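Chain order of the listed sequences is A and B.
Position 212, counted from 1, in the first sequence is what our numbering calls 212; the numbers after and before it change by one each time, with no gaps.
Position 75, counted from 1, in the second sequence is what our numbering calls 75; the numbers after and before it change by one each time, with no gaps.
Think of the CB as a built atom: it goes at the ideal place given N, C-alpha and C, for glycine as much as any other residue.
Note that the structure is a prediction, hence the values are computed from the model and not measured.
Written below as structure tokens is the structure these notes are about.
2 protein chains.
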Amino acid sequence: MFDAPGFTGAPLDRCDAARHDPALVAAMRADPEARLLALDGLEPLVEDGRLGWLPVPQEDGVALALLGRSEGRPRFAALTPGVSAYKRSPELMALLLDELPAGDAALYGVARSLIDWHARHGFCAQCGHATEVLRAGWARACPACGAQHFPRVDPVVIMIAEHDGRALLGRQPGFPPGRYSALAGFVEPGESIEEAVARELNEEAGITVEAIRYVASQPWPFPAQLMIACTATARDDALRIDTHELEDAFWASRDEVRAALAGAPDARFQPPPAYAIAHLLVRRWAG
Amino acid sequence: MFDAPGFTGAPLDRCDAARHDPALVAAMRADPEARLLALDGLEPLVEDGRLGWLPVPQEDGVALALLGRSEGRPRFAALTPGVSAYKRSPELMALLLDELPAGDAALYGVARSLIDWHARHGFCAQCGHATEVLRAGWARACPACGAQHFPRVDPVVIMIAEHDGRALLGRQPGFPPGRYSALAGFVEPGESIEEAVARELNEEAGITVEAIRYVASQPWPFPAQLMIACTATARDDALRIDTHELEDAFWASRDEVRAALAGAPDARFQPPPAYAIAHLLVRRWAG
Chain A
1 MFDAPGFTGA
11 PLDRCDAARH
21 DPALVAAMRA
31 DPEARLLALD
41 GLEPLVEDGR
51 LGWLPVPQED
61 GVALALLGRS
71 EGRPRFAALT
81 PGVSAYKRSP
91 ELMALLLDEL
101 PAGDAALYGV
111 ARSLIDWHAR
121 HGFCAQCGHA
131 TEVLRAGWAR
141 ACPACGAQHF
151 PRVDPVVIMI
161 AEHDGRALLG
171 RQPGFPPGRY
181 SALAGFVEPG
191 ESIEEAVARE
201 LNEEAGITVE
211 AIRYVASQPW
221 PFPAQLMIAC
231 TATARDDALR
241 IDTHELEDAF
251 WASRDEVRAA
261 LAGAPDARFQ
271 PPPAYAIAHL
281 LVRRWAG
Chain B
1 MFDAPGFTGA
11 PLDRCDAARH
21 DPALVAAMRA
31 DPEARLLALD
41 GLEPLVEDGR
51 LGWLPVPQED
61 GVALALLGRS
71 EGRPRFAALT
81 PGVSAYKRSP
91 ELMALLLDEL
101 PAGDAALYGV
111 ARSLIDWHAR
121 HGFCAQCGHA
131 TEVLRAGWAR
141 ACPACGAQHF
151 PRVDPVVIMI
161 AEHDGRALLG
171 RQPGFPPGRY
181 SALAGFVEPG
191 ESIEEAVARE
201 LNEEAGITVE
211 AIRYVASQPW
221 PFPAQLMIAC
231 TATARDDALR
241 IDTHELEDAF
251 WASRDEVRAA
261 LAGAPDARFQ
271 PPPAYAIAHL
281 LVRRWAG
């Protein structure tokens, strides 16, 4: 169990100033202490329960992103065209849950989101021309039209609606058997966090909410969401479930949620995994 | 002065289900009650202090986005290739501040972010091919590689650090004369809201903060930010200003902030405009 949300707490100085200084980045790359994240595609190569790291290749042809500085060393990741795995493997999630320290999981998340963005954004959305890596891997530039493009971070609201001491939980078709979690959805252009929470709960469950409260946030590197966890109070408990989004939803009592979190054999549902902010949200609600 | 953050409160049912149903969108477009947002480029055409609306063109060649339903009418916006004005005119900001009702300004913000995104994302970032409008204007699809692309919403943290009863305010080089505001920066891949607040304050002002608290959020349609307002407590008040980002910064007392908000002739600075969430943040801090 994490005290802080999963994928937070990377022990990383992002060295923002260096990104604007190619000579400084070159010096950091040439530093014998510098290390390259060891990956197989987008999967981390683990050594003794920690992220694996390799010497940094010095050839010009290898595009690298400067992750920053961690444990005294410059840290890089290779930007490999075509390496993209939008999905996450069960093996990876088990590794993140059971084996890697939280800081390593968070550092891996930074690298994964960045590498995946480059792999899927090699062309200019404005004119279609091939783009080039800029700012030590934190942007791409189009040599044809001059547009600059920056890594996406997609804000997502994830929330528990409460009514009469019970919490609304739902399951998506792709969830593991028995799992229920907080409802969630992408924030759209032109709405606040609070408006997105109200809209998503209305669209997916047919409920109207008020008293929306922010709880916590986490980055989610599959591929690059910013998860924003909230609670809200429902005006009534009649559900109208959008079956395109949810397979099922129900109002869980505190006792049911506590039994699920405790892993009771007769629990009504399986809770979200510990690295997901939904777990923190459900746990805090259960008190 | 708005009670709610600027650009929130659009009286809009986004009709999410309709976006997935082309026949329903066609029926909404053919509805004689349907209206098209009146624009000159990206600037709104205002009638009697309200957004202007036109009959909806029925020709197939005009690409429209379904904004949703408002005041009983289907509402559309035309997607005009090449119409892009990343900058905002002083006339537009005056209009949003002084003339349009808050709900109209919010509805305009939805349309502006969406139109601007289409205008700058006509090509597939994954393969470079021209893309097509999908989901009634809420996505684009690539006919070559099959990738789907969704409108960007870029989360930004904006925050006041407090130390010993004073608030840290700064000014960027492009600000109007005398204006100081909360510091701000984009959330990056692999960090939480709280981590972004701490990093930005450290990068821009050289301070270390704790006790970060979420305050409120707003959409910012220039072009499509999600502004996330927070407060934090600084460990000490020594500043190391990043002159690439900030022209100046200082610790303002509550009396100085109140004088600025009251428009006192001898105020030390000009506050952010009322539609910006920085204004709400500063006002709440001043108490």
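Bridge partner(s) assigned by DSSP for residue i
i	result
residue 233(A)	162(A) and 210(A)
residue 47(B)	50(B)
residue 293(B)	Residue 293(B) lies beyond the range of chain B shown here (1 to 287); nothing can be said about it.
residue 57(A)	Paired residue(s): none; residue 57(A) is not in a bridge.
residue 78(B)	64(B)
residue 149(B)	140(B)
residue 304(B)	In the structure as shown, chain B begins at 1 and stops at 287. Residue 304(B) is therefore absent and cannot be evaluated.
Within chain B, the residues that residue i reaches when beta carbons sit closer than 7 Å
i	result
residue 152(A)	152
residue 109(A)	190
Where residue i sits in the DSSP three-state scheme
i	result
residue 266(B)	coil
residue 96(A)	helix
residue 132(A)	strand
residue 103(A)	helix
residue 205(B)	helix
residue 253(A)	strand
residue 66(B)	strand
residue 280(B)	helix
residue 239(B)	coil
residue 121(A)	coil
residue 198(B)	helix
residue 89(B)	coil
residue 273(B)	coil
residue 169(B)	strand
residue 185(A)	strand
residue 261(B)	helix
residue 20(A)	coil
residue 140(B)	strand
residue 179(A)	strand
residue 35(A)	strand
residue 83(A)	coil
residue 73(A)	strand
residue 157(B)	strand
residue 12(A)	coil
Closer than 8 Å at the beta carbon, the chain B residues around residue i
i	result
residue 297(A)	No answer is possible for residue 297(A): the residues shown for chain A start at 1 and end at 287.
residue 221(A)	189 and 190
Residue-chain proximity (residue i, chain B), Cβ-Cβ < 8 Å
i	result
residue 129(A)	yes
residue 275(A)	no
residue 137(A)	no
residue 172(A)	no
Within chain A, the residues that residue i reaches when beta carbons sit closer than 7 Å
i	result
residue 16(B)	203
residue 217(B)	192, 193 and 194
Within chain A, the residues that residue i reaches when beta carbons sit closer than 8 Å
i	result
residue 121(B)	125 and 126
residue 113(B)	189 and 190
residue 210(B)	Within chain A, no residue comes near residue 210(B); the closest Cβ sits about 13 Å away, beyond 8 Å.
8 Å Cβ cutoff, residue i in contact with chain A
i	result
residue 180(B)	no
residue 8(B)	yes
residue 226(B)	yes
residue 106(B)	yes
residue 199(B)	yes
residue 5(B)	yes
residue 155(B)	yes
Contacts of residue i in chain A (Cβ-Cβ under 9 Å)
i	result
residue 69(B)	Per Cβ cutoff of 9 Å: no residues; residue 69(B) is ~13 Å from chain A at best.
Next on the checklist: For the pair the stretch 135 to 148 of chain B and the stretch 223 to 235 of chain B, tell me if three or more CB-CB distances fall below 8 Å.
Outcome noted: no
Item to check | the stretch 78 to 92 of chain B / the stretch 164 to 177 of chain A touching (three or more Cβ pairs under 8 Å) | outcome: no
Checklist entry - Just checking, does the stretch 55 to 72 of chain A make contact with the stretch 3 to 13 of chain A on the three C-beta pairs under 8 Å criterion? => result yes
Item to check | Segment contact flag, the stretch 47 to 65 of chain A with the stretch 106 to 120 of chain A, C-beta cutoff 8 Å, min 3 pairs | outcome: yes
Checklist entry - Taking three-plus beta-carbon pairs below 8 Å as touching, is the stretch 131 to 139 of chain A in contact with the stretch 202 to 211 of chain A? => result no
Next on the checklist: Does the structure place the stretch 69 to 78 of chain A close enough to the stretch 31 to 39 of chain A that three or more beta carbon pairs sit under 8 Å?
Outcome noted: yes
Next on the checklist: Measuring CB atoms only, is the stretch 99 to 108 of chain A touching the stretch 100 to 111 of chain B, in the sense that at least three cross pairs come out at less than 8 Å?
Outcome noted: no
Checklist entry - Touch check for the stretch 210 to 222 of chain A and the stretch 189 to 197 of chain B: three-plus C-beta pairs under 8 Å? => result yes
Item to check | Cβ contact (3+ pairs, closer than 8 Å) linking the stretch 166 to 178 of chain A and the stretch 266 to 273 of chain A | outcome: yes
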